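Chemist:
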């Protein structure tokens, strides 16, 4: 069976919402670990395909977070809800022996979920997690940003395309997408669109993407979760921000540099030549690092 044919798509109701997830290697579920993948904001579960291909022989699940991919569209007030969704999914699927792999927003969400179910996890891999310094977070659990989602620059994104290929053609020479591998860009466009009466629209709407950005610093409770974890945690961090390399254009890492020291059992790998989207730029390298952790 080919890699493409070996995946099964499911819908599951958790935390009052329908989430989509994809499963590979169901036959290995009772014979080894589960690798659970969560994507960055604005993307979807199938961004992991090139990395998952290098991990055959394991039970693997990749989740479309709420408002992304083929999961139910909904807005939000704070990022904690992503962790709540994952916690419910893990319990409902009765997953254990998990190695969690989360990129950006997905890293934040998996950290929250792991803190709720640490007994079900063996390892946590955070790829450039969108976790900033404690002093950048608001103290309340809802966003107090002055800007509204409707006025955020993300809402100005082109949201409709004639076809997935039209989306590829639009993005292939533009940063950050021009740094993606051909397959990563293909997957972003083919699985990141939904059909509608006008052709195809972004599965993660510009309004949803704006809401994700505006609520990214809505609560510092993430550090309560970080400090209680005892399992091994690997942080894979991209190039550091500078005047010529700002976080705002996704060239640099949003991760608080001392974050690794907040974990009781943390270590770090630094890729100073890669942007925040390093899973889409060096998927084979990332897959190899994940395999090392799962096998350890």
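In the working numbering, the protein residues as written are 6 to 301. Think of the CB as a built atom: it goes at the ideal place given N, C-alpha and C, for glycine as much as any other residue. These figures come from a predicted structure and were not determined experimentally.
When you compare only the Cα positions, how much space is there between residue 30 and residue 103?
Modeler: Near 14 Å, if we compare the C-alpha coordinates of residue 103 and residue 30.
Chemist: Which first and last residues belong to the alpha helix (DSSP H) in which residue 194 is found?
Modeler: 187-196
Chemist: Within its chain, find whatever has a CB closer than 7 Å to the CB of residue 306; leave out the 5 residues flanking it on each side and keep chain order.
Modeler: Here the chain has residues from 6 to 301 only, and residue 306 is not among them.
Chemist: Among 141, 125, 79 and 60, which residue has its Cα nearest to the Cα of residue 95?
Modeler: 125
Chemist: Can you give the Cα-Cα distance for residue 199 and residue 25, rounded to whole angstroms?
Modeler: 14 Å
Chemist: Check whether the Cβ atoms of residue 107 and residue 119 sit closer than 7 Å, and answer yes or no.
Modeler: Cβ distance not < 7 Å, so residue 107 and residue 119 don't count as in contact.
Chemist: Tell me, to the nearest whole angstrom, how far the beta carbon of residue 298 is from that of residue 130; I am working on the premise that it is less than 8 Å.
Modeler: 6 Å
Chemist: Going by DSSP in three states, residue 306 sits in which element: helix, strand or coil?
Modeler: Within the shown structure, residues of the chain are numbered from 6 to 301, placing residue 306 beyond reach of any answer.
Chemist: Between the Cα of residue 64 and those of 207, 101, 176 and 247, spot the shortest distance and give me the residue it belongs to.
Modeler: Of the candidates 207, 101, 176 and 247, the one whose C-alpha sits nearest the C-alpha of residue 64 is 101.
Chemist: What are the boundary residues of the alpha helix (DSSP H) that residue 227 is part of?
Modeler: 227-233
Chemist: Compute the Euclidean distance between the alpha carbons of residue 172 and residue 166, then round it to the nearest angstrom.
Modeler: Approximately 6 Å between the Cα atoms of the pair.
Chemist: Taking C-beta to C-beta, are residue 128 and residue 169 nearer than 7 Å?
Modeler: no
Chemist: Indicate whether the contact test is met: 3 or more Cβ pairs, each with one atom in the stretch 265-278 and one in the stretch 177-193, closer than 8 Å.
Modeler: Contact fails between the stretch 265-278 and the stretch 177-193, because fewer than three Cβ pairs, one in each stretch, are under 8 Å apart.
Chemist: Does DSSP classify residue 40 as helix, strand or coil?
Modeler: strand
Chemist: Could you tell me which uninterrupted beta strand (DSSP E) segments, each at least 3 residues in length, are contained entirely in the stretch 45-92, listed from first to last along the chain?
Modeler: 64-69
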